[in-house]
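For what it's worth, numbering that gives the first Met the number 0 labels the leading residue of the sequence shown as 0, then goes sequentially.
Glycine included, C-beta positions come from ideal geometry on N, C-alpha and C.
Please read all numbers here as calculations on a predicted model, not as lab measurements.
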Amino acid sequence: MSEPTPPGATLETPPPDEAAPLCQIDQINLTLSVEVRSLPRFDRSLEVGVRQATLLTSAPWVRSLGKIGLDVTTQGWRFPTPPDGIAVTKPTCKLAEPEQEESPLSIAGSWQEKIASRTKLRPPRETVQFKDRLLYLLQPPLEDIFANKQITLPFKPFPYQLRGIAFLMPRDAALIADEMGLGKTMQTIVALRLLFHAGLIHNALVVCPKPLVINWTRELGMWAPDVPFEIINGDTETRRAVWHVSNCPLKLVNYELLTRDAAEIADEKVRFDVVVLDEAQRIKNKESKTAQAVRGLHRNRSWAMTGTPVENRTDDLVNIFSFVDANRIPPETPANQLAALTSDCILRRTKEEVAPDMPPRILRDTEVELTPAQRAAYDLAEKEGVIHLNALGDTLTVQHVFELVMRLKQICNFDPRTKQSAKLERLLADMAEVAESGRKAIIFSQWVEPLEYLAAALREFGPLQYHGKIPNKDRQGILDRFKTDPTKHVILMSYGTGSVGLNLQFTNYVFLFDRWWNPAIEDQAINRAHRLGQKSSVFVTRFISQGTIEGRIHEVLEKKRQLFNELIEQNGPPPSLGLTEQDVYGLFDIESRPRRAA
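Next up, the structure:
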């Protein structure tokens, strides 16, 4: 090979006659050798393993993390203080024998029992975030809240009612299904009140049947006097203003008006922190307009109240949960799985379960508003009656006043022309719960005619009649049938015939359809069920028509009963509990009141 040309030199071209030098080519082998080695790992034959796994073929087709518990243990030191009522004396120089100290284990045991008896808020199982669970776990027991006068209540709640309040407060979806008479309304109101005070809610809506609006107003005034509320009623424009403009924190509306205002509540701006349904069985028909309107409410929490969550079929519960928690029960879920899916959202207590917490007899005054037909007939009869009494002048007797009172009380039971009855509407709802729970009831009235009307209206509950028109030879057979026949849920009695001499302690409900003149006669009637041998509490419902003679009579009798109790406590002579002549004259605005009796 030729040498390279240095820089700056010129390349000389060989003469054409000189031969070009030959190039030497060396051959290089670029082939790579491949070496094959065997690895011991692959000498073994491959084996296929099969492991059985359970498929999630049952609702709700999700796998839960399980119950997440959070135990917070605290320990503190506190100087002991003497119990109230024990005077603290100064130590003396006298030496005394050392007293035997109480065992630390016994002190710890009694302290733990006291703490365990407190009612704490328990978050639902679905609450998995630590901060949410901690929020409720750090709340003081309900007993401390009420004892410290942070929230004052007119009466001390029963222990089971405190547990109901603690159940409702932390839940976005809840169905309280206690038997009738256990105080579902009271528990719901107190839970709402505590949430308002804690700032966890700012507006709420209660939906109930029209006859119950009055009861809700009375219960709210008793259990939550510091929570403002308003009733949604009036014409369309008035209701529209309340839905969109009103800032009142708590609103009441009946099912009928809610259904009419479905277009108004469909607006996203109409939203509530809590919506409560009373008598939630009203939406058991999923396709009804009422159920559709209720489900259309925009809300953060959904609470429902009913003593009969399942009236005829399991679909009743499913349809109620379409409001409470629409995604909790998947479509076509077998009936035997409903309990597992809904157990964390339902609270159901029966009278037997809470019997140790309850007194033997519980009175409930149910105020009803007369139907339009009843109100028109009542106002006309009272106006004309007072004019007639004033026209009698000196010839007026107490018997004339009694005749007007009797006439007005009969109109409070049934309208004389249309037979409409506000009391009957409420009684039908109560009897549905009585029959659903397999229990029995007694209905008392002063007259036979209302009992005959009630027998026809309550036909589905197997009513039996026991009054003056029933021959004596048939009466014992009626009582025996009422006791032994499970389809006979109610017996209709007059005060005169059924108030004495009967033993009906297998009955748990007593309804006073109208009031007697003397509470002592009412007590005798109630004692047909509330007597020796009664194994559970007796619930007594006294119907009172609002803004009528019944309300005035009730006020007079209650004052007399209170005076009677005070005198008995002081060992004084018991006065008459009935209405005196002056009491009867005082029921109306009568110009002249003669002092002589009839």
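Could you say which of the options lies nearest to residue i if we only look at CA atoms?
i: Phe413; options: Glu402, Leu478, Asp234, Val447; result: Val447
i: Pro156; options: Lys183, Arg170, Leu133; result: Lys183
i: Ala261; options: Leu296, Gln280, Ala240; result: Leu296
i: Trp222; options: Glu236, Leu191, Leu586; result: Leu191
i: Gly476; options: Arg259, Leu463, His488; result: Leu463
i: Asn517; options: Thr237, Ala528, Tyr494; result: Tyr494
i: Leu134; options: Ile164, Leu120, Ile144, Thr305; result: Leu120
i: Phe228; options: Arg239, Val212, Glu236, Asp234; result: Val212
i: Leu276; options: Thr187, Pro333, Leu478, Trp302; result: Trp302
i: Tyr508; options: Pro333, Glu521, Tyr377, Ala528; result: Ala528
i: Ser436; options: Asn253, Lys288, His488, Leu340; result: His488
i: Ala434; options: Gln398, Ile490, Glu383, Leu407; result: Ile490
i: Arg162; options: Gln186, Ile150, Lys382, Lys148; result: Gln186
i: His553; options: Phe322, Val353, Gln445, Trp515; result: Trp515
i: Thr547; options: Cys411, Tyr465, Leu453; result: Cys411
i: Ala172; options: Gln445, Asp343, Asp393, Pro415; result: Asp343
Under the three-state reduction of DSSP, which class applies to residue i: helix, strand or coil?
i: Leu586; result: coil
i: Val537; result: strand
i: Val293; result: helix
i: Gly250; result: Before going on, a small fix: residue 250 reads as Lys here, not Gly. Looking at Lys250 - three-state DSSP - the assignment turns out to be strand.
i: Glu142; result: helix
i: Ile319; result: helix
i: Ile213; result: helix
i: Glu46; result: coil
i: Arg238; result: helix
i: Met168; result: coil
i: Leu181; result: coil
i: Leu199; result: coil
i: Arg62; result: Residue placement at Arg62 is flagged as unreliable, the pLDDT there being 47, under the threshold of 50; the coordinate-derived value follows with that caveat. It is coil, neither helix nor strand.
i: Leu511; result: strand
i: Leu566; result: Low per-residue confidence applies at Leu566: pLDDT is 49, beneath 50, and the placement is therefore not dependable enough to give any value.
i: Ile543; result: strand
i: Leu137; result: coil
i: Asp324; result: coil
When we look at the beta-carbon of residue i and count the other beta-carbons within 10 Å, is it buried (16 or more) or exposed?
i: Ser63; result: Caution applies to Ser63, whose pLDDT of 48 falls short of 50 and renders its modelled position unreliable; the value that the coordinates give is listed next. That one is exposed.
i: Lys250; result: buried
i: Gln23; result: exposed
i: Gly497; result: buried
i: Gly27; result: The identity of residue 27 in the sequence shown is Ile, whereas the question assumes Gly. It counts as exposed.
i: Val317; result: buried
i: Cys92; result: With a pLDDT of 40 at Cys92, under the threshold of 50, the predicted position of this residue should be treated as unreliable, though the coordinate-derived value follows. So Cys92 counts as exposed.
i: Asp315; result: buried
i: Lys268; result: exposed
i: Pro153; result: exposed
i: Leu167; result: buried
i: Ser420; result: buried
i: Leu511; result: buried
i: Val244; result: exposed
i: Asp177; result: buried
i: Asn147; result: exposed
Between the beta-carbon of residue i and the beta-carbon of residue j, is there less than 9 Å?
i: Val273; j: Leu194; result: yes
i: Val539; j: Ile361; result: yes
i: Leu403; j: Leu388; result: yes
i: Glu549; j: Ala428; result: no
i: Ser544; j: Gln373; result: yes
i: Pro248; j: Ala203; result: yes
i: Pro604; j: Gln291; result: Residue 604 cannot be examined here, being either before or after the span of the chain that is shown, 0 to 597.
i: Ser535; j: Lys350; result: yes
i: Glu368; j: Pro208; result: no
i: Leu136; j: Pro123; result: no
i: Leu457; j: Met430; result: yes
i: Thr305; j: Ile319; result: yes
i: Gly180; j: Arg363; result: yes
i: Ala524; j: Phe443; result: yes
i: Glu271; j: Asn299; result: Sequence inspection shows Phe at residue 271; the Glu mentioned does not correspond to that position. Cβ atoms of Phe271 and Asn299: closer than 9 Å.
i: Leu141; j: Ile188; result: no
i: Ala380; j: Leu407; result: yes
i: Thr506; j: Lys439; result: yes
i: Thr365; j: Arg541; result: yes
i: Lys205; j: Tyr254; result: Note on residue identity: the sequence assigns Val, not Lys, to residue 205. Not in contact: Val205 and Tyr254 (Cβ atoms no closer than 9 Å).
i: Asp356; j: Pro224; result: no
Consider the C-beta atom of residue i and the heavy atoms of the ligand SAH; say whether any pair is separated by less than 8 Å.
i: Ala262; result: In terms of ligand content, the structure shown is empty, and the ligand SAH therefore cannot be addressed.
Tell me, please, whether the CB atom of residue i is closer than 9 Å to any CB atom in chain D?
i: Lys283; result: Structure shown: chain D not included; a single protein chain is present.
* Asked: Counting only runs that start and end within the segment 424 to 507, where is the beta strand (DSSP E) found for 3 or more residues in a row?
  -> The qualifying runs are 440 to 444, 462 to 465, 489 to 493.
message: What ranges does the alpha helix (DSSP H) occupy inside the segment 329 to 417, keeping only unbroken runs of at least 4 residues that lie completely in it?
response: 337 to 341, 350 to 353, 371 to 391, 397 to 412
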